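For the sequence shown, the working numbering gives the first residue as 70, with consecutive numbering after it. A virtual CB, placed ideally from N, CA and C, is assigned to each residue, including glycine. Bear in mind the structure is a predicted one, so any value in this text is a computation, not a measurement. In what follows, a structure is listed as structure tokens, so that the remarks can point back to it.
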Amino acid sequence: MLKIGHEVVRPGKKYGDTPVTFAIPEELETVPGIPMNQREVDWYSREYPIENMNITERASRDWANNLRDGHVEMREIRKEHEKLNKPLILAARLSADLEPTAKATGEDLTQQIKDKARELGFVEVGIAAFDHRYVYQSKRGATTYYPHIICLAYEQDFEPTQTIPSVDAEIVHSSTYRTEGAAALELGNFIRSKGYHAQVAGSGDSFGPYIPMFVAAGVGQLGACGYLLTPHVGSRCRIVSVTTDANVTHDKPIDYGIHAFCQVCQVCVNRCPGRALMRDKIWWRGIEKNKLYFKRCRPVMARYLGCGVCMKVCPIQKYGLKNVMDHYAATGQVLGKGTHDLEGYALEGKGYFGPGELPVFEAGFFDMPHGDTGEWAFDRLKAKAKASGNQVTPQLMDEFRKEMTRALNQSVETNMAVAGKQEEDNPDYI
Ligand code: SF4
Ligand code: SF4
């Protein structure tokens, strides 16, 4: 039995459940939250502000959406989701400007807000300071963000998630976004009824990669897969937030042992069909993490129902952190590692891949457009001119003019909720 370093007590999985104690082995202790260099986070935020990949990688996004739309069933599901989700997104956008519906008493509302969030079905709730360093450049100054952020995670159903990548998993993925979006709007109404402002942010229309604020609020830690791993359901949740000026107390980051455990586990790293996950951690924009190779992930997501294998094969998603930590403390082993139950998955048209087996892709599989659509048009002009003996012909210029005009007229849609691995939840995409 490994020596236990510390214990973490969290509310039970469902509202009203008995609190759960997580015993973290001493050898997995690192720091609460994530190792971070605040000066570097400040510097990158100021000198290289983060931007929405719907803008910076628009060319590959359009390419991926076209490929996905070739799957008739998924195209219909996506259209249906966008129709149903649009009113929720519009209501969230308007929520920042809604006035409170009662007079504030000045009391600390932390517990009432947390109770309400749990009643509404959120599996995790924590509160932190709103961190403007993680707001996309294009969203800075566009709206009000109140000084506190309520970080909310909604569980995604277990059974369909275990069939990832599949149509069923994509259906539950998008329906979870809609359910949590509606619940977050309800939480906003509750806060306004207590005399304060409340702005719903996220759930398919995010202001930025907000996992760092969730980590600061003690709701979980960043996994090697790039998702937030929450204690009860790991990455099997969708996140949304409410910013507010209510009188609340901030939570603190927690060391759940996940930062070190991922280096031992590595199941998602080994099982990723695109070989897109890094084995070792690096320092990136002031944070120590396993960086994801976006260029190896998107081509897989685009062709295999949003992929998400890294979610499916995570033992914390499947068995919960308590079982995983207890098993590790007792045996020194990763629960489920090496089993078909945890590691197996099937890719449509490719077949089943058990532990130790990975698909092989044809040459050119990972080729995709890069940059925004204007940059991509210019790159193609250069390549075609080179192929024509370094001649920029009138025909090439005409094609380029048309593509640039189309690029300049594109709107920046931010609803990515049927995107498989959710770009906006995921700081690894930045
Ligand atoms: S979603 Fe991307 S990172 Fe995750 S398993 Fe698939 S290809 Fe790998
Ligand atoms: S599969 Fe293992 S390494 Fe990957 S995120 Fe889950 S716990 Fe971490």
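- Look at Q268 here: in three-state DSSP terms it is strand.
- In this structure, L298 has its CB closer than 7 Å to one or more heavy atoms of ligand 2.
- Residue environment analysis places K155 among the exposed positions, since fewer than 16 neighbouring C-beta atoms fall within 10 angstroms of its C-beta.
- Taking C-beta separations shorter than 6 Å and ignoring five residues to either side along the sequence, the partners of K208 in its chain run F276, following chain order.
- For G303, the beta-bridge partners assigned by DSSP are T299.
- Contact annotation: A452 and Q460 have beta-carbon atoms that are not nearer than 8 Å.
- Distance from the CA of T87 to the CA of G81, rounded to the nearest whole angstrom, comes to 5 Å.
- Excluding sequence positions up to five before and after A160, its CB lies within less than 6 Å of the CB of L254, all in the same chain and listed in chain order.
- Look at S310 here: in three-state DSSP terms it is strand.
- Spanning the alpha carbons of Q268 and L411 requires a straight line of approximately 38 Å.
- When Cβ pairs closer than 8 Å are counted between the two stretches, the segment 373–385 is seen to touch the segment 224–244, the count reaching three or more.
- In the three-state DSSP reduction, R261 falls in the helix class (H, G or I).
- Its chain contains P438, T442 as the residues whose beta carbon lies nearer than 8 Å to that of D131, once the 5 sequence neighbours on both sides are disregarded; these appear in chain order.
- Within the same chain, D177, T179, I196 come within 8 Å of T318 by CB-CB distance, once the 5 residues on both sides are set aside.
- Y203 and P278 have their C-alpha atoms spaced approximately 6 Å apart.
- Looking at G303, M122, D324, the one whose alpha-carbon comes closest to that of I103 is D324.
- Of the residues assessed, T408 falls on the exposed side of the cut-off, its CB having fewer than 16 other CB atoms within 10 angstroms.
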